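Here is the structure we will look at, set down as structure tokens.
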Amino acid sequence: MSEESANCTICRQPLGENGRCQHCDEDAHIWTIQDWRPLLNLSLIIVLGFSFTRLVVGIFHEKQNALGAQYYAAGLQTMEEKRPAQAVDAFETALVYSHDNAQYRLKLTDALVASGATGEAMAQLQAFREQRPQDAEVNLKIARLEAQRQQVDQALRYYQNAVDGVWPESGDPVQQRIAARFEAAEYLVGQGRQEQAEASLLALAGVLPLYSPEQRKLADLYLRNGDPARALSIYLTQLGVNKKDNAAIFGAAQASFAAGSYATALRYLEELKPETAESQALRLQLERMEALDPFAPSATGKIRTERTLAVFRIAIQRLAGCEVPFAQALANSAKTANAKDPEQWSGFAKWAEQLSPMMNERKLRGRDDVIESTMRFAFQAERAAQKNCGKLTLNDEALLLLARERMGASQ
Amino acid sequence: MKPRSVRSREALLKLMATPVRRKYFETLRRMLGPAGLISIREEQFFLVLAIAIGVLAGFCVVLFRVAIATARIWLLGSSMRPSVPRVVLVPTLAGLVIAVLAVRFFPRVRGSGVNQTKGALYIYDGYISTETVVGKFVLSALAIGSGQSLGPEDPALQIGAGVASALGRWLKLSKERLRLVAPVGAAAGLAAAFNAPITAVLFVIEEVIGRWSAGILGAVVLSAISSVVVERWFMGDESLFRVPQYHLAHAGELIAYAVLGVVGGVASLVFVNAIKHLRPRLRRLPQWSQYLQPGVAGLLIGVIAIWYPQVMGAGYEWIDLAMHNRFPWEVLGIIAGLKLLSTVLSFTTGTPGGLFAPVLFMGAMLGGSVAMLEQQLFPSFGVPVGAYALVGMGALFAGILRAPMTSVFMVLEVSGNYSIILPVIICNTISYVISRGFQEVPLFDLLSRQDGLDLPSLEEEREQSILRVEDAMHPTMGRALLGDESIASARSISGSTPEEYFLVSLGEGRWSVLSRESLLDPANDENMPVRVLVRARVPRLHLDQSLDVALRFIKDRPMLPVVHRGNMDLLMGVVSVEDILRAYRKAGLAEPETAEVS
Chain W
1 MSEESANCTI
11 CRQPLGENGR
21 CQHCDEDAHI
31 WTIQDWRPLL
41 NLSLIIVLGF
51 SFTRLVVGIF
61 HEKQNALGAQ
71 YYAAGLQTME
81 EKRPAQAVDA
91 FETALVYSHD
101 NAQYRLKLTD
111 ALVASGATGE
121 AMAQLQAFRE
131 QRPQDAEVNL
141 KIARLEAQRQ
151 QVDQALRYYQ
161 NAVDGVWPES
171 GDPVQQRIAA
181 RFEAAEYLVG
191 QGRQEQAEAS
201 LLALAGVLPL
211 YSPEQRKLAD
221 LYLRNGDPAR
231 ALSIYLTQLG
241 VNKKDNAAIF
251 GAAQASFAAG
261 SYATALRYLE
271 ELKPETAESQ
281 ALRLQLERME
291 ALDPFAPSAT
301 GKIRTERTLA
311 VFRIAIQRLA
321 GCEVPFAQAL
331 ANSAKTANAK
341 DPEQWSGFAK
351 WAEQLSPMMN
361 ERKLRGRDDV
371 IESTMRFAFQ
381 AERAAQKNCG
391 KLTLNDEALL
401 LLARERMGAS
411 Q
Chain V
1 MKPRSVRSRE
11 ALLKLMATPV
21 RRKYFETLRR
31 MLGPAGLISI
41 REEQFFLVLA
51 IAIGVLAGFC
61 VVLFRVAIAT
71 ARIWLLGSSM
81 RPSVPRVVLV
91 PTLAGLVIAV
101 LAVRFFPRVR
111 GSGVNQTKGA
121 LYIYDGYIST
131 ETVVGKFVLS
141 ALAIGSGQSL
151 GPEDPALQIG
161 AGVASALGRW
171 LKLSKERLRL
181 VAPVGAAAGL
191 AAAFNAPITA
201 VLFVIEEVIG
211 RWSAGILGAV
221 VLSAISSVVV
231 ERWFMGDESL
241 FRVPQYHLAH
251 AGELIAYAVL
261 GVVGGVASLV
271 FVNAIKHLRP
281 RLRRLPQWSQ
291 YLQPGVAGLL
301 IGVIAIWYPQ
311 VMGAGYEWID
321 LAMHNRFPWE
331 VLGIIAGLKL
341 LSTVLSFTTG
351 TPGGLFAPVL
361 FMGAMLGGSV
371 AMLEQQLFPS
381 FGVPVGAYAL
391 VGMGALFAGI
401 LRAPMTSVFM
411 VLEVSGNYSI
421 ILPVIICNTI
431 SYVISRGFQE
441 VPLFDLLSRQ
451 DGLDLPSLEE
461 EREQSILRVE
471 DAMHPTMGRA
481 LLGDESIASA
491 RSISGSTPEE
501 YFLVSLGEGR
511 WSVLSRESLL
521 DPANDENMPV
531 RVLVRARVPR
541 LHLDQSLDVA
551 LRFIKDRPML
561 PVVHRGNMDL
571 LMGVVSVEDI
581 LRAYRKAGLA
591 EPETAEVS
């Protein structure tokens, strides 16, 4: 043993016979170059262990991924077969083998929603969102669930997150974002949040290319949101590009109709070839309105009186449907009427009794004032009956629309 | 032809033929020699070795997890809900095979592995046979993979300890280091299995080592971290389950968590008592029945699994689902109860496998059940099921395994969310207190005593009050002698007391002891200072130091000074061996519990 190795490395005192320092009682065993040989062997073992583990784990992961894909495919299949409960099982098993596969997890939430387990779907999505808060798809799914649960503000928050979030590059992120904006706007329109919807639609208009096909969808939403002017402007822009664009023509007709420009609407509808069921229904409505309008430009004196008589008859029938007792009204017993506002009904009864003697072709001829009064009576009677008196006939609807055109929406 | 060794020697001599070359070789030899540049002391080497242990244990645990998953797929199929024949037959037949192998070839692999590792540390000087490691690996993988209600963590702990032990023996570590190397490997194994290094370190300290030891802490931490790095390298850094985010919305929620703590405490008591009573009874049955017990347990578990497949294996995939509202509260409660029963069956029949995972599983199900019930009763609370499941895990961990610190840190580490700490502490404490109040001996201590071993536990040590110097010291009779005063003056002081020894203050906190005989020796000049009579200094003590420290310092010395920490020349009292022994006798340490051994 050399002199150096005979001394303790800590206190430099001589070591005892057992190789331990008597002074500081520390084990002074020193690892020399000879001791490094096992360490080199140890390094070799680690390298070999690493290689072996890598090989085994590689095979294992391959197997796991294959099983994950197999169960995922089975899940998709059962989803297509409308068996969401089985799909949930399949997707859950797929996730056991591919624990962090986002696609599998999103599909699982779809299956959960389809099977009615919205609570679990929401919990899964929220957990997913905690991991990837910027994931637009996740936010969109949460927004849909919140919308389903009537949590409007939450839904809007997640829709906004989806719009601002990160979309997968596999699809077209711009298009996906626009689709999310449309969905959010549609939801707002559906919820009757006109101002928020308008802001959302304006933002959407800002990002949509001028002549893109989505413009029509935007115009439809404007129309549904009660902004026919903007809708019409978009449809007209579309027609500027293609005058034979039937969808744009019909849209323009609808927008004009909504704006109360019935004549314009009818003009657009006449340009539409071929007619669709929807356009036909609208045209019939407009024609019915014209058929009841004594002040239409096409109406001659005779037609005008005929239309007035028809309108009076429709209004009386409508009020009769409300059980307004005209005879009793005259006998001062209107208070027994089965209506919520007896005085109102009593007024209509009196008004009807006053007009009734004038209601023949001869007396109406040249009496525009009586025609005007009859129309006002009919409009007000229809409006009053609208709230309380059951289902509308097509003629009642036509009269209400005419009322809107003549008297405005506020009255 | 000359032998190879001779040829090498001749070549070396030839190389060293010139003085310059000889000098160069001499320098090289010195550099590589014992005090050279690349030589290190064993304690330094131990830290390097801890990393190697962590890496190797990490490999083993990764392979162990792969083996369990592969066995599961081979035996039970890849579906989460295996077919009825498989569910019934596989655990039964696998149980029979396991029993034969365990009884005939691997008798030391039965049980969880925690106590076996502890036994290696305290009884066998860190020795865990390679055969045990292999047996534990194979049989545990087979048991868990075939659906026995056990988990992989505790076996991983023992496998890690076994790897470390084998490595230590191969590297011819000293006996002291070899003993310490087992817990280092245990921490690595547990950390890799649970993917949580802090939890593993704390558990090993609380349950295996049984005490905080600075000497080994560094190595334990290093090995745990390196094994987790290996585990994440191969298996990814995904946690065992995705934990929903949590924030305490209202302080009133804490009451609800307290309810969970009570439920957890009661469930812990049921579980521990079931094992306490059933295990010894099963072990007392005839030897031939040992071959059947795991098979019968497997059959019963299989029957349960026909309706509730969640009870099979570790069940982490189901914990994840339970955390995300997969099951209604009553189903969660039923699953928790059946899992408890299944785990008791698997464990008491001696099937190799761990308790960690089943305990967490039961906790998660109970937590989820309580949460969903509260959701129904108090819809305005907005009770988060995931958070309750997580806290429930901690509650059962604290109640059953009785490792309170580990239970808290485990939840924090698994969730990565520190805002949950308050509910966790409340819930775990209640559960721990209930378990502690009605079941004196912790589960692992109970098991070791049933096995005829008496291993130390941190919980018992905590109960024992620490005796301090102030409990033993007595005041000095008169003042201490001063080093600078004359021998004549010191003699006059000694005349006023009957003491045989006197403390001498040498200034600056240095003290010595002088015998009456030396002081009164007529050969000494009376005008000389007392300092000249002093031979050696003695260590000083402080009031708050433990008597264990005092006993180590005192050796053959008649007494030691107890001084003020702020003024080390100020004598507070003295302590002698007799004082220390008197204090120990007076304290009367609690005797070990014997009533529990049945």
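Line order of the protein sequences matches chains W and V.
Residues in the first sequence are numbered consecutively from 1, following the working numbering.
Residues in the second sequence are numbered consecutively from 1, following the working numbering.
We put the CB at the ideal spot given by N, CA and C, even for glycine.
Remember, predicted model here, so these are calculated numbers, not experimental data.
Local Cβ density within 10 Å of residue i, reported as buried at 16 or more and exposed below that
i: V:W318; result: buried
i: V:S227; result: buried
i: W:C24; result: With a pLDDT of only 47 at W:C24, under 50, the local geometry of the prediction cannot be trusted, and the value read off the model is given with reservation. Exposed, since its Cβ has fewer than 16 Cβ neighbours within 10 Å.
i: W:A339; result: With a pLDDT of 47 at W:A339, under the threshold of 50, the modelled position of this residue cannot be trusted, and the question is left open.
i: V:M323; result: buried
i: W:Q124; result: buried
First and last residue of the uninterrupted alpha helix (DSSP H) at residue i
i: V:S576; result: Per DSSP, V:S576 belongs to no alpha helix (DSSP H) and is neither H nor E.
i: W:R230; result: P228 to V241
i: W:G190; result: P173 to G190
i: W:L286; result: A277 to L292
i: V:V114; result: V114 to Y122
i: W:R307; result: G301 to G321
i: V:L282; result: E253 to R284
i: V:A141; result: T130 to G145
i: V:D445; result: L443 to Q450
Run of the beta strand (DSSP E) containing residue i, from where it starts to where it stops
i: V:S515; result: R510 to S515
i: V:A184; result: Per the sequence shown, residue 184 of chain V should be read as Val rather than Ala. Not the beta strand (DSSP E): V:V184 falls in the alpha helix (DSSP H), residues K175 to F194.
i: V:L560; result: L560 to V563
Residues sharing a beta bridge with residue i, DSSP
i: W:D135; result: W:V166
i: V:P599; result: The displayed coordinates of chain V run from 1 to 598. Any statement about residue 599 of chain V would go beyond what the structure contains.
i: V:R468; result: V:S546
i: V:S505; result: V:L482 and V:W511
i: V:G354; result: V:G151
Below-7 Å beta-carbon distance, residue i vs any chain V residue
i: W:E130; result: yes
i: W:L67; result: yes
i: W:F60; result: yes
i: W:E137; result: no
i: W:P84; result: no
i: W:Q134; result: no
i: W:V207; result: no
i: W:A127; result: yes
i: W:D100; result: yes
i: W:A219; result: no
i: W:A123; result: yes
i: W:G119; result: yes
i: W:T93; result: yes
Beta carbon proximity, residue i to chain W, threshold 7 Å
i: V:A387; result: no
i: V:R326; result: yes
i: V:T18; result: no
i: V:F234; result: yes
i: V:F59; result: yes
i: V:R606; result: Lying outside 1 to 598, the shown extent of chain V, residue 606 of chain V is not represented and no answer is given.
i: V:E231; result: no
i: V:A52; result: yes
i: V:R287; result: Inspection of the sequence shows that residue 287 of chain V is occupied by Gln rather than by Arg. No, its Cβ sits nowhere closer than 7 Å to a Cβ of chain W.
i: V:Q310; result: no
i: V:Q158; result: no
Proximal chain V residues relative to residue i, where beta-carbon distance stays under 8 Å
i: W:T78; result: Within chain V, no residue comes near W:T78; the closest Cβ sits about 13 Å away, beyond 8 Å.
i: W:V96; result: M80 and E317
Closer than 8 Å at the beta carbon, the chain W residues around residue i
i: V:L56; result: I45, I46 and G49
i: V:R81; result: D89
Within chain W, the residues that residue i reaches when beta carbons sit closer than 9 Å
i: V:W170; result: P38, N41 and L42
Residue i at chain A interface by Cβ criterion, 7 Å
i: V:E238; result: Judged by its chain identifiers, the structure shown contains no chain A, and its protein chains are W and V.
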